[in-house]
């Protein structure tokens, strides 16, 4: 894992789902982030995998193009997976890979969909609700717990975001 610092919460597995590395999972999320960038959206991407390593869905940020403040990459990814599974809850042990630490809205979606674990790239010092501003995995009032690994491909994820905002300011 290419990162300046790996952060874990809960009880993450020692190995990623079969057929993957944490990096290969994040690579798929980053590709979804590039798709968002092509649409002039903030380049955040997500990918959801079964515990056995099957890719269930991807999602990319699209709040501007969809006129929808809830159209974050994580929410879109979870919606796509639930629609294809014809169930509002995900199978046990699913793993969500996302390029930026989820916000509080996405934390709620992760909990309600019953995601088993989350890996994320860059921390979000402004709005991150997993480790940066809120320890979302440790909230005492939620009815679902999940593990998390942060800092997977952190530098690549940060660079993708920083280059987008630098270009936008020009």
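In UniProt numbering, the protein residues as written are 1 to 170. For each residue, glycine too, the CB sits at the ideal point set by N, CA and C. The structure presented is a predicted model; accordingly, all values stated were derived computationally and were not measured.
The residue from 7, 79 and 116 with its alpha-carbon nearest to that of residue 145 is 116. In the structure shown, residue 114 adopts coil according to DSSP, grouped into three states.
Within the same chain, Cβ atoms closer than 6 Å to the Cβ of residue 42 are found at 61, the five residues on either side in sequence being excluded. Distance from the CA atom of residue 6 to the CA atom of residue 90, rounded to whole angstroms, is 26 Å. The way I'd put it, the stretch 89 to 103 does touch the stretch 118 to 126; three or more beta-carbon pairs between them come closer than 8 Å. The beta carbon of residue 127 sits closer than 6 Å to the beta carbons of 103 from its chain, once the five residues preceding and following it are set aside; these are given in chain order. Distance from the Cα of residue 87 is smallest, within the candidate group 170, 47 and 113, for 113.
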